[in-house]
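In what follows, a structure is listed as structure tokens, so that the remarks can point back to it.
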Amino acid sequence: MSPNPAALPYPDGPRLLADVGASNIRFALETAPACFGSTAVLACAAHDSLESAIRTFLQSQNLAGVRHAALSLPNPISGDRIKLTNHPWEFSVEALRRTFGLQTLLAINDYTALAMGLTRLDPHERIQIGGGDPLPGAVVGVIGPGTGLGVSALVPFQDRNVSLTTEGGHASYAAQDDDEALVVAHARARYGHVSGERLISASGLELTYEALALRSGHQPAHRAAPDISAAALAAEPDPVAHQALSMFCAMLGTAAGNLALTLGAQGGVYIGGGIVPQIAGFFAQSAFRARFEAKGRFQPWLARVPTWIVAAPRAGLRGASAMLDDHLTADHGAGPLLVDIRASMDKLSASERIVAQDLLSAPRAWMSDSIARIAERCGVSTPTVMRFCRSLGFKGLVDFKLRLGSGLSGTTKVAHREVSAEDPTAERIGKIFDNSISALIGLRDRLHPDVFERAVTALANARRIEVYGTGSAALAAEDAQHKLGRLGLAALARTDAQQQNLTSIYLGAEDVLLVLSNSGELDSINEAVARARHAGTAVIAVCPQRSELARLADIVLPVDHPDDVQALVPMVSRLMQTVMIDALVSDLALQRRPLIHRALAHQDDQRFDALSSHSR
7 MSPNPAALPY PDGPRLLADV GASNIRFALE TAPACFGSTA VLACAAHDSL ESAIRTFLQS
67 QNLAGVRHAA LSLPNPISGD RIKLTNHPWE FSVEALRRTF GLQTLLAIND YTALAMGLTR
127 LDPHERIQIG GGDPLPGAVV GVIGPGTGLG VSALVPFQDR NVSLTTEGGH ASYAAQDDDE
187 ALVVAHARAR YGHVSGERLI SASGLELTYE ALALRSGHQP AHRAAPDISA AALAAEPDPV
247 AHQALSMFCA MLGTAAGNLA LTLGAQGGVY IGGGIVPQIA GFFAQSAFRA RFEAKGRFQP
307 WLARVPTWIV AAPRAGLRGA SAMLDDHLTA DHGAGPLLVD IRASMDKLSA SERIVAQDLL
367 SAPRAWMSDS IARIAERCGV STPTVMRFCR SLGFKGLVDF KLRLGSGLSG TTKVAHREVS
427 AEDPTAERIG KIFDNSISAL IGLRDRLHPD VFERAVTALA NARRIEVYGT GSAALAAEDA
487 QHKLGRLGLA ALARTDAQQQ NLTSIYLGAE DVLLVLSNSG ELDSINEAVA RARHAGTAVI
547 AVCPQRSELA RLADIVLPVD HPDDVQALVP MVSRLMQTVM IDALVSDLAL QRRPLIHRAL
607 AHQDDQRFDA LSSHSR
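Quick note: the sequence shown uses the numbering used here, first residue 7, plus one each step.
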């Protein structure tokens with residue numbers, strides 16, 4: 007994508023982007039859309055942590071105060087804790103965000119980022135292999151061999167694109183001819199399961215070469231993937247290396263065709279990764295495209311699906327930039343109006359673009375700000391603000407605000423945004439509400455139904471239920487006592503550490519201990535829990551899933567929250583605990599409904615008998 011020299015700098019400063027590879031980590035500071043002001047490549051081996059590498063880059067730029075950042079990682083992304091596959095690096099996304107004082111930090115799978123980055127490719131940054139034309143508005147597939155085999159997709163949704171996070175590279179691979187059957191058998195003997203990544207990657211090319219060399223009778227000395235490619239592309243190619251690279255391209259064609267059929271990817275399939283662009287000429291003449299289409303009755307369908315090699319520089323950084331931009335704009339409730347404004351930036355005057363950038367960076371502030379305040383913040387005149395509104399077809403600011411308000415009432419993206427004293431009041435209020443809503447959505451998505459059912463069953467069958475909580479969790483514990491008691495369950499909240507220590511001695515195998523904790527690291531509670539567990543008591547913990555309490559508990563209902571417990575009252579965590587208790591109690595109420603109805607009917611009969619006796 008060509009830089010736009012007229013692009014306005016981001017109003018909240020440059021954005022930090024990082025693309026972590028197997029050997030190197032690439033950094034960039036994006037000062038404006040598609041404008042990379044500073045870039046650097048650091049060796050991963052030179053740093054003992056990702057934090058160290060980021061700090062080194064930022065110090066080299068003499069830069070502090072970056073607010074937004076995105077990391078493209080060759081890893082599955084699940085939860086806050088990330089352990090990289092190809093490095094000894096392990097980190098918490100939230101802890102890293104706080105360490106560098108970031109407002110936003112996204113950790114993104116590298117191929118999820120690459121898929122989103124396709125929206126920013128210029129025509130000359132892709133090489134078409136074979137025929138076919140993309141169907142506008144259709145799904146696009148992405149696959150690419152490198153250290154592993156990355157798979158993703160770009161799915162149009164309403165007025166934007168959504169990139170999928172998958173582990174499609176680990177799907178099983180089926181041999182398509184006798185030569186491939188030999189290689190698959192060789193891989194199966196060593197690894198058991200043979201996935202696409204086992205064969206279609208740098209190590210897969212080495213494995214294929216080894217299997218073919220064994221068959222040919224050559225000594226199969228280990229040969230690195232770059233050396234195999236070089237030998238295959240030489241003026242006098244090594245026959246085994248040439249066959250191995252040819253098979254590599256054909257197998258990639260089979261996998262790419264499978265992906266196209268699975269996704270219905272009539273928008274085309276893009277080939278990324280670090281290997282194919284280096285062998286583009288060889289690849290174009292290989293069996294890749296024939297294999298892509300070789301799907302029996304669906305050959306004519308696949309013949310219409312185009313395939314391209316991604317030949318763009320810094321594709322990983324661009325993808326991270328696209329994901330970050332999508333996150334930040336969607337974070338503000340990107341209704342049709344905001345989408346229209348972003349699309350019409352080139353038609354606005356320079357001063358109107360400044361006003362538009364201010365709106366896009368903090369749209370809620372506009373709902374409460376006067377025209378004079380908006381003009382002062384943007385450094386323009388009040389007539390300029392009026393011209394901006396009128397250029398979009400509105401009579402004035404009031405008319406514009408009415409439309410803007412309806413656009414901001416949509417869905418909230420699951421994300422935590424730091425509340426800052428520098429934010430306008432409307433933005434602070436919006437962030438507080440959005441953080442609570444998005445935390446509950448995240449809680450819902452992380453809660454496994456089987457684990458939840460085990461917790462409900464344990465509570466339903468308990469002789470008595472002790473509920474432990476201290477600090478702000480004490481309020482949720484007392485709430486749990488009240489709600490469980492209304493169902494006729496013997497529940498008692500303990501909010502004092504000494505009481506918890508003493509009562510844990512008397513718990514037995516027929517009891518249940520329900521523990522609510524913001525950190526899961528409070529020694530007094532964890533000691534009481536360990537004592538109860540030793541006595542055979544079932545422990546249900548509502549706490550962060552990577553905590554000492556979670557390790558001790560039988561059942562963990564994960565409440566992972568981004569509260570800054572040092573600076574703020576942990577409001578979000580308390581809300582999450584309360585909702586979790588409500589979910590448990592609601593399920594218990596459904597199970598105990600017949601018992602409750604019988605008890606209420608019995609009470610009605612007693613009242614009737616008492617009234618009848620009195621009347622006589």
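The beta-carbon is built from N, C-alpha and C at its ideal position, and this holds for glycine as well.
All values derive from a computational prediction rather than experimental measurement.
- Taking the Cα of Ala38 as reference, the smallest distance to any Cα among Gly19, Asp502 and Ile438 is reached at Gly19.
- Inclusion of Ile135 and Phe294 in the CB contact set at 9 Å is warranted, their separation being smaller than that value.
- Here Ala497 is buried, its C-beta having at least 16 other C-beta atoms within 10 Å.
- Between Gly152 and Ile315, the C-beta gap is not smaller than 9 Å, which leaves the two residues out of contact.
- The three-state secondary structure of Leu108, taken from DSSP, is coil.
- Taking a C-beta distance under 9 Å as the contact criterion, Ala49 and Ala326 do not qualify as a contact pair.
- The beta carbons of Arg132 and Ala317 sit closer together than 9 Å.
- At a cut-off of 3 residues, the continuous stretches assigned as beta strand (DSSP E) that sit fully inside the region 503–590 are 518–522, 544–549 and 561–564.
- Listed in chain order, the alpha helix (DSSP H) elements of length 4 or more contained wholly in the region 256–310 are 286–291, 294–299 and 305–309.
- Non-local beta-carbon contacts of Asp185 in its own chain, meaning distances under 7 Å to residues more than five positions away in sequence, involve Met253 in chain order.
- Counting along the chain, the unbroken alpha helix (DSSP H) around Gly491 starts and ends at Ala479 to Arg492.
- Taken through DSSP and simplified to helix, strand or coil, Leu498 comes out as strand.
- For Pro162, the enclosing beta strand (DSSP E) starts and ends at Leu155 to Phe163.
- Residues Thr388 of the same chain have their beta carbon placed closer than 7 Å to that of Ala378, with the five preceding and five following residues left out of the count.
- Closest in alpha carbon position to Phe288, among Phe406, Leu239, Glu299 and Pro312, is Leu239.
- Taking C-beta atoms under 8 Å as the contact rule, Ser78 and Gly322 qualify, at a distance of about 5 Å.
- Put simply, the backbone Cα of Gly263 is about 14 Å away from that of Ala181.
- A residue is called buried when at least 16 other Cβ atoms come within 10 angstroms of its Cβ; Ala227 does not meet this threshold and is exposed.
- Between Ser209 and Ala256, the CB-CB gap reaches or exceeds 9 Å.
- With respect to Ala536, Leu558 sits close: the two C-beta atoms are nearer than 9 Å.
- For Pro151, the uninterrupted beta strand (DSSP E) segment begins and ends at Val146 to Pro151.
- Counting along the chain, the unbroken beta strand (DSSP E) around Glu36 starts and ends at Asn30 to Ala38.
- Under the 10 Å beta carbon count, Gly448 is surrounded by 16 or more other beta carbons and is classified as buried.
- Judged by beta-carbon spacing, Arg126 lies beyond the 9 Å limit of Arg359, meaning their Cβ atoms are not closer than that value.
- In the structure shown, Thr390 adopts helical secondary structure according to DSSP, grouped into three states.
- Shown here, Asp405 sits in a helix according to DSSP, grouped into three states.
- Rounded to whole angstroms, the separation of the alpha carbons of Ala231 and Ile277 is 18 Å.
- Distance between Val548 and Gly107, taken at the CA atoms: about 28 Å.
- In its chain, beyond the 5 residues on either side, Val591, Leu594, Ala595, Arg598 and Ile602 have a beta carbon closer than 8 Å to the beta carbon of Leu493.
- In this model, Ile149 and Ala195 are separated by some 26 Å (Cα to Cα).
- Per DSSP, His53 lies in no alpha helix (DSSP H) segment and is marked neither H nor E.
- DSSP lists no bridge partner for Ser84.
- When only Cα atoms are considered, Val545 and Gly436 end up about 37 Å apart.
- Check the Cα spacing between Ala76 and each of Met373, Gly477, Leu334 and Leu330: the tightest is with Leu330.
- In the same chain as Val190, and ignoring 5 residues on each side of it, the C-beta atoms closer than 6 Å to its own belong to Ala181 and Val200, in chain order.
- In this model, Ile347 and Ala119 are separated by some 25 Å (Cα to Cα).
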